[in-house]
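Okay, here's the thing in structure tokens:
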């Protein structure tokens, strides 16, 4: 057992509790938040080095051996995602210092920020389905508070929709857990895999698996994304960036984990179902992205299309596809957060999110403009940036699996994603500002510094793809061979 496994979950919780004690003392909350986030990032980095050197790390909470007690599991899949989440948390926290008003800061913004990170990291690290539900709820309750802070009419309206959708999906999640427990008598993921293999892939098990797929698809925005566009466009830029980078990815992680570890005994049916959902999500996502003339809406629909790409890797399910899925998912977490941070800076300097009211910003804000341009190339998978290696593996995996139509949709979607984001660059930064528009100077550098953290990582991931392949290859082994995970958890 390794006590370090709990730190990425425990440290944000402790940090959030400490910030509660300094109500209305914003400066102290900021200092505590930075220290806690840096410690979480350091613990995540140490954890992934231990996983790389010693294999899967586990922690039996309270000393209770699985499957009877709560177990936390850090394999290469979860360790990579926790590190990415820590990087995103640090960048968004620093961005919040310059973009969130004092009223939000005094009303527990940092408390809910850290609780959300705790829920995200706990979801990645838990080895138990019920505790996955608990971490989901911690993350979602925190997101309810973050999305409503500020209290504009639009935020309140979108919060109601967001809360209702997630309450329904959470209720379905609990019901699915109850059905599964009644059949197998366990909720430990490793033990579930063994029990379902013994029971066999019956019609009841298939139905329960479909229920889990519906739940996780709602939370990830996979096909069932009707709630996402309005909810993600309502809060401030830093909150939307945090949601885009982390919340949908937790839902995707849950799909990847459950359908490679627990419900992997009938791959033909589920891979085909996920493939149809992936294709529809990519198509509808890029249609939305190219249809709108609003920066927030364009970026939100690119989040939807990115969800479809990850699901495409699950549909192909070959080694290359699964490795590409993990590489692309890490890239997508970073690039979507970065684009929303840059989009927030763009809206701040332009004074509007409408493209028709923008123009001529490049000569005044060249660093913002060229960072946005390079990020657009990375989003579309143009080499040598981080999007290229993952998409290349996904395309190769899709062709090897014979998914020619789905691969074609993925290629076309990549081009349309590039078009949609480059349109923002062209209309916002080229040309001249519309007649009658007077803009006040805006000190944007304070927003570009935290965005620069993510910007550096998308370049490093692309140029250092060979090193990343070594990590994603080991993560692919875990997904392809569930026994590696099962043996590590149930070793006693």
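In UniProt numbering, the protein residues as written are 1 to 492.
Backbone N, C-alpha and C define an ideal beta-carbon position, used for all residues, glycine too.
Excluding its 5 nearest sequence neighbours in each direction, residue 482 has C-beta neighbours in its own chain below 7 Å: 193, 260, 261, 264, listed in chain order. Taking the CA atoms as reference points, residue 402 sits about 42 Å from residue 68. Rounded to whole angstroms, the separation of the alpha carbons of residue 360 and residue 135 is 45 Å. At a cut-off of 4 residues, the continuous stretches assigned as alpha helix (DSSP H) that sit fully inside the segment 154–206 are 189–199. Nearest neighbour of residue 423 by Cα position, chosen from 269, 267, 292, turns out to be 292. Out of 449, 300, 387, 479, the CA that lies nearest to the CA of residue 462 is found in 387. Where residue 17 is concerned, the enclosing alpha helix (DSSP H) starts and stops at 7–21. When the alpha-carbon of residue 227 is set against those of 157, 99, 450, the nearest one is in 157. Scanning its chain for C-beta atoms nearer than 6 Å, with the 5 sequence neighbours on each side dropped, one finds around residue 289 the residues 298, 301, 302, 420, in chain order. For residue 390, the closest of 231, 345, 473 by C-alpha to C-alpha distance is 473. CA-CA distance, residue 282 to residue 308, rounds to 5 Å. The Cβ-Cβ distance between residue 425 and residue 385 does not fall below 8 Å.
Distances from the alpha-carbon of residue 46 to those of 443, 4, 219, 395 put 4 closest.
If you check the CB distance, residue 394 and residue 339 do not come in under 8 Å. Annotated three-state conformation of residue 71 is strand, per DSSP. Counting C-beta pairs closer than 8 Å gives fewer than three between the segment 110–126 and the segment 221–236, which falls short of the contact rule. Distance from the CA atom of residue 411 to the CA atom of residue 392, rounded to whole angstroms, is 10 Å. The bridge partners DSSP lists for residue 59 are 72. Counting the other CB atoms within 10 Å of its CB gives residue 238 a total of 16 or more, which places it among the buried residues. Contact check for residue 44 against residue 83 passes: the beta carbons are separated by less than 8 Å. Take the alpha-carbon of residue 1 and the one of residue 105: they are about 38 Å apart. By alpha-carbon distance to residue 363, the top candidate from 152, 428, 295 is 428. With a cut-off of 8 Å on Cβ pairs, the segment 169–189 is in contact with the segment 204–214, counting three or more such pairs.
Of the residues 148, 432, 60, 87, the one whose Cα lies closest to the Cα of residue 74 is 60.
Using a 10 angstroms sphere on the CB of residue 182, the tally of other CB atoms stays under 16, which defines it as exposed.
The three-state secondary structure of residue 294, taken from DSSP, is strand. Only buried fits residue 223, as 16 or more other CB atoms lie within 10 angstroms of its CB.
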